[in-house]
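Undergrad: Have a look at this one before I ask anything.
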Amino acid sequence: MTNPPPPALDIERLRADTPGCASVTHLNNAGSALPPAIVTQTQIDHLRLEESIGGYEAHAHAQGRVDAVYDSVAALAGCRADQVALVESATAAWSRGFAAIHNTRPLSAGDRVLASSSEYASNVLPLLQLARSRGVTVEFIPDDTEGCTDVDAFAAMLGPDVALVAVNQCPSQNGLVNDVAAIGAALRTSGSDAWYLVDACQSFGQLPVSASAIGADFLSATGRKFIRGPRGTGFLVASDRALTELEPFPLDLHSATWQPAGFDLAPGATRFESWEKSYAAMLGLGAAIDYALDCGLESIAARIQHLAAYARASLAAIPGVTVLDRGTHPGGIVTITHSAIAAPDLAARIKAGGVNVSLSTPDYSRIDFDAHGIAGLVRVSPHAYNTTEEIDRLAAIVESLT
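For the sequence shown, my numbering assigns the number 1314 to the initial residue and increments by one for each residue that follows.
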């Protein structure tokens, strides 16, 4: 018996709720999506409140709504609210988890770290720092025949010297979706005590994500991509194991309380936060998540995948264009090259035609780019509020360049 399809979205309503749709064709949602009006208005309202009564006082006035943001993230991520830390970016979230691991169980010579070959630069660079300064061995997990992180190869690489596994669910530069739940299951089955850190910044808002099903010690995410929240927002989801065994570093007076004989960690995942934050942005993130939950995560995912498949077919039909996406079930990111136009020029000319896309280069994910001999690519990433007509506009621009 097959599951019924998710309810169809009201696309006219989505576009009416998104003021930017009236002025631009925005196919750069894997970079920073157009926010719904309620997200912007929520931020403005809180900034006006700060303007009128003061920042501390505005925070106190909005405390109930701030607390509700944790519940919203928990509903999005399939976790408890006390497992959520609100931070300023996906990189900050990933780094807080990584720092806690290294602070509690310092990585050193003899330790191995396994990372996906499509891992983003901001996640790999700290690993390379430890390789240079402490002799940690960093190994990249091979891809399978479909281009995803090879779960069987990963399982074969595990051993008692593996201290950390760092993978992404959806890489920035490709449409594939890694089976991070299967990777987590393989890690548990092996009996390894390695820490499991998953970058989910491109998957939250694009796909339904279940923290409990993935089984990671940390999931990191941003608000500005497919969640459609403000820039300067992100969150970290911490496992019970992480909350029990790890101590964040460095602490401040939000993440811990200074006691006469030392300090006490803050309860739950708030210990991974810092004191200073933009409450206007936090509230905007909550509004974006609530909007997505109201639309329905399954419905959003189905719409994004439909538009991405339409874009792949439309672009692949253009002479000279190669669609690079891999994976068994491609997601919402579409990547292309052109045989006659270098990627930077192609991206610039598409943008000049009034369509927002983005450029990806090897410094974003060097192992992946180098393995496939790619010097650069153009990334197209539709969201639920986009239309097939907008993708037709993109395809017409690309075809006109040949």
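The beta carbon of each residue, even a glycine, is placed where N, CA and C say it ideally should be. Bear in mind the structure is a predicted one, so any value in this text is a computation, not a measurement.
On the criterion of 16 or more Cβ atoms from any shown chain inside 10 Å, does Pro1419 qualify as buried, or is it exposed?
TA: exposed
Undergrad: May I have the straight-line CA-CA distance separating Pro1632 from Ala1656, to the nearest angstrom?
TA: 15 Å
Undergrad: Who are the near neighbours of Val1382 in its chain, counting only those whose CB is closer than 8 Å to its CB and skipping five residues on each side?
TA: Leu1399, Met1595, Leu1596, Leu1598, Gly1599 and Ile1602
Undergrad: Starting from Tyr1509 and walking both ways along the beta strand (DSSP E), at which residues does that stretch end?
TA: Trp1508 to Asp1512
Undergrad: Using 10 angstroms around the beta-carbon of Ser1336, count the other beta-carbons present and answer buried if the total reaches 16, otherwise exposed.
TA: Ser1336 should be labelled exposed.
Undergrad: Return the chain-ordered list of same chain residues with a C-beta closer than 7 Å to the C-beta of Gly1666, the five sequence neighbours on each side being excluded.
TA: Ile1710
Undergrad: Give the straight-line distance between the Cα atoms of Ala1513 and Ser1533, rounded to the nearest whole angstrom.
TA: 6 Å
Undergrad: Tell me, to the nearest whole angstrom, how far the beta carbon of His1696 is from that of Phe1576; I am working on the premise that it is less than 8 Å.
TA: Not confirmed; about 43 Å, so no contact.
Undergrad: Output needed for Ala1499: all residues of its chain with C-beta closer than 7 Å, excluding positions within five of it in sequence on either side, in chain order.
TA: Val1464, Phe1467 and Ala1468, listed in sequence order.
Undergrad: What residues match up with His1374 in a beta bridge as DSSP calls it?
TA: Per DSSP, none; premise fails for His1374.
Undergrad: Using the Cβ count rule (16 or more neighbours within 10 Å means buried), how would you classify Leu1659?
TA: buried
Undergrad: Starting from Phe1539, follow the beta strand (DSSP E) in both directions and report where the run begins and ends.
TA: Run containing Phe1539: none; DSSP gives neither H nor E here.
Undergrad: Report the residue from Thr1650, Gly1581 and Thr1674 whose alpha carbon sits nearest the alpha carbon of Ala1387.
TA: Gly1581 is the residue among Thr1650, Gly1581 and Thr1674 whose C-alpha sits nearest the C-alpha of Ala1387.
Undergrad: For Ile1617, which residues from the same chain have a beta carbon less than 7 Å from its beta carbon, with the 5 sequence-adjacent residues on both sides left out?
TA: Gln1519, Gly1645, Pro1695, His1696 and Ala1697
Undergrad: List the endpoints of the continuous beta strand (DSSP E) containing Glu1452.
TA: Thr1450 to Ile1454
Undergrad: Would you report the Cα separation of Gly1368 and His1374, rounded to the nearest angstrom?
TA: Note on geometry: alpha-carbon atoms of Gly1368 and His1374 lie some 10 Å from one another.
Undergrad: Let me check understanding here. Comparing Cα to Cα, which of Glu1703, Ala1390 and His1651 lies closest to Thr1715?
TA: His1651
Undergrad: Taking 8 Å as the cut-off, does the region 1425-1441 touch the region 1474-1482 (at least 3 CB pairs, one atom from each stretch)?
TA: yes
Undergrad: Unbroken beta strand (DSSP E) runs of length 3 or more, entirely within the region 1404-1429: which are they?
TA: 1425-1429
Undergrad: Thinking C-alpha only, which one of Glu1560, Ser1671 and Thr1535 is nearest Ala1390?
TA: When only C-alpha atoms are compared, the closest one is Thr1535.
Undergrad: Which first and last residues belong to the beta strand (DSSP E) in which Val1691 is found?
TA: Residues Leu1690 to Val1693.
Undergrad: Would you list, in sequence order, the uninterrupted beta strand (DSSP E) runs of no fewer than 3 residues that lie entirely inside the region 1598-1636?
TA: Runs found: 1634-1636.
Undergrad: In this structure, how does DSSP classify Thr1650 when only helix, strand and coil are distinguished?
TA: Taken through DSSP and simplified to helix, strand or coil, Thr1650 comes out as strand.
Undergrad: Going by Cα to Cα distance, which pick from Leu1610, Arg1692 and Phe1585 is closest to Gly1410?
TA: Phe1585
Undergrad: Below 8 Å between beta carbons: does that hold for Ala1526 and Tyr1509?
TA: no
Undergrad: Hey, out of Asn1436, Gly1488 and Ala1329, whose CA is closest to Ile1649's CA?
TA: Gly1488
Undergrad: Taking its Cβ as the centre, do 16 or more other Cβ atoms sit within 10 Å of Gly1504, making it buried, or is it exposed?
TA: exposed
Undergrad: Measure how close the beta-carbons of Pro1543 and Gln1354 come, nearest whole angstrom, since I'm counting them as under 8 Å.
TA: Wrong, their Cβ atoms sit about 12 Å apart, outside the cutoff.
Undergrad: Note down the Cα distance separating Ala1434 from Gly1545, rounded to an integer number of angstroms.
TA: When rounded, the distance between both Cα atoms is 19 Å.
Undergrad: Taking Arg1554 as the reference, give the member of Pro1521, Ala1507, Ser1591 and Ser1568 with the closest Cα.
TA: Its Cα nearest to that of Arg1554, the residue Ala1507 stands out among Pro1521, Ala1507, Ser1591 and Ser1568.
Undergrad: Counting along the chain, where does the beta strand (DSSP E) carrying Asn1481 start and finish?
TA: Val1475 to Asn1481
Undergrad: Measure the C-alpha to C-alpha separation of Pro1319 and Ile1613 and round it to an integer number of angstroms.
TA: 9 Å
Undergrad: Would Ala1412 and Gly1448 be called neighbours here (beta carbons separated by less than 8 Å)?
TA: No, the pair does not count as a contact, with Cβ atoms beyond the cut-off.
Undergrad: Shortest alpha-carbon distance to Leu1564 belongs to which of Phe1682, Gly1689 and Glu1589?
TA: That would be Glu1589, whose Cα lies nearest to the Cα of Leu1564.
Undergrad: May I have the straight-line CA-CA distance separating Ser1627 from Arg1639, to the nearest angstrom?
TA: 17 Å
Undergrad: Would Glu1432 be called buried (16 or more neighbouring beta carbons within 10 Å of its own) or exposed?
TA: With a threshold of 16 other beta carbon atoms within 10 Å, Glu1432 meets it and is buried.
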